[in-house]
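In what follows, a single structure is set out as structure tokens and then discussed.
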Amino acid sequence: MANFGELVLLMGDIHIPHRATDIPEKFKRMLVPNKMQHVICTGNLGSQEQYETLRNLAPNVAVVAGDFEYFTPSSSQTPAQQQLFPETKVVQVGQFRIGVIHGHQVIPWGDHMSLAMMRRKLDVDILVSGHTHKNEVHEHEGFWHINPGSITGAHSSMTADVTPSFILLAIQGPKVVCYVYELIDGEVDVSKTEFTKGESMSESLVLI
């Protein structure tokens, strides 16, 4: 069996039940518990149930707070105290430091110069962010900005036409293979990007 290294699932902007009813069935079949070592979520889960679903997928789960996050209601706590997840998170996977934010903190949203400022602040190799509901893998100044999009295809404040997507990273030594999964016209489309520390990335289309 091939050794893919450490597998990291990137997902976010779930918004169940407020903007979506469920994760697409074809995606759910692919998200097999304990096949991945890490789950990183950019926030906006929608409910405690969704958080428990993530915890069942992998032994290591990192979640940051979205701008439309659920809270644990308590009359004795302030809204800030009720917030379950941090604004930022840094995860070490192999040789890579991975920073995680929701993305609403970065103005303009999705702007790579602004994302680079956050990346430098967190001192990470890869910055994972969401909020735009549009997946992207972008090399900037020799580092990488990755947005897994919305796994449910929930509408955003920018558009109602959102393609459901998530990303899987296979990290082995200084190399990352990045698989982008999109649900297009009811079928799963996969594209692959590879990058290595100190080298430019290459892209290809994967047929499944």
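Positions in the sequence shown are counted from 1; adding 166 to them yields my numbering. The beta carbon of each residue, even a glycine, is placed where N, CA and C say it ideally should be. Everything numeric in this text was worked out from a predicted model, so none of it was measured.
Same chain, Cβ closer than 6 angstroms to residue i, five either side skipped, listed in chain order
i: residue 189; result: 317, 318
i: residue 211; result: 180, 217
i: residue 184; result: 212
i: residue 257; result: 228, 264
i: residue 269; result: 295, 296, 297
Residue range of the unbroken alpha helix (DSSP H) whose run includes residue i
i: residue 193; result: 191–194
i: residue 278; result: 278–288
i: residue 220; result: 214–221
Inter-residue Cα distance where the pair is residue i and residue j
i: residue 214; j: residue 361; result: 35 angstroms
i: residue 289; j: residue 349; result: 33 angstroms
i: residue 301; j: residue 178; result: 10 angstroms
i: residue 320; j: residue 338; result: 32 angstroms
i: residue 299; j: residue 207; result: 13 angstroms
i: residue 199; j: residue 330; result: 20 angstroms
i: residue 262; j: residue 308; result: 13 angstroms
i: residue 297; j: residue 229; result: 14 angstroms
i: residue 260; j: residue 267; result: 20 angstroms
i: residue 353; j: residue 285; result: 34 angstroms
i: residue 340; j: residue 294; result: 18 angstroms
Near the ligand HEM: residue i beta-carbon under 7 angstroms from a heavy atom
i: residue 267; result: The ligand HEM is absent from the structure shown, which contains no ligands of any kind.
Residues of its chain near residue i, where Cβ-Cβ distance is below 7 angstroms and the 5 sequence neighbours each way are ignored
i: residue 243; result: Caution applies to residue 243, whose pLDDT of 38 falls short of 50 and renders its modelled position unreliable; the value that the coordinates give is listed next. Around residue 243: no qualifying Cβ.
Bridge partner(s) assigned by DSSP for residue i
i: residue 333; result: 176, 346
i: residue 170; result: None; residue 170 has no bridge partner.
Extent of the continuous beta strand (DSSP E) run through residue i
i: residue 235; result: Note, residue 235: premise wrong, no beta strand (DSSP E); not H, not E.
i: residue 310; result: 309–313
i: residue 354; result: 353–362
Proximal residues to residue i (C-beta, below 8 angstroms), its chain only, five neighbours per side dropped
i: residue 377; result: With the chain covering 167 to 374 only, the question about residue 377 has no answer from this structure.
CB-CB length for residue i against residue j, believed under 8 angstroms
i: residue 333; j: residue 310; result: Rounded, the Cβ-Cβ distance is 11 angstroms, inconsistent with contact.
i: residue 342; j: residue 335; result: 6 angstroms
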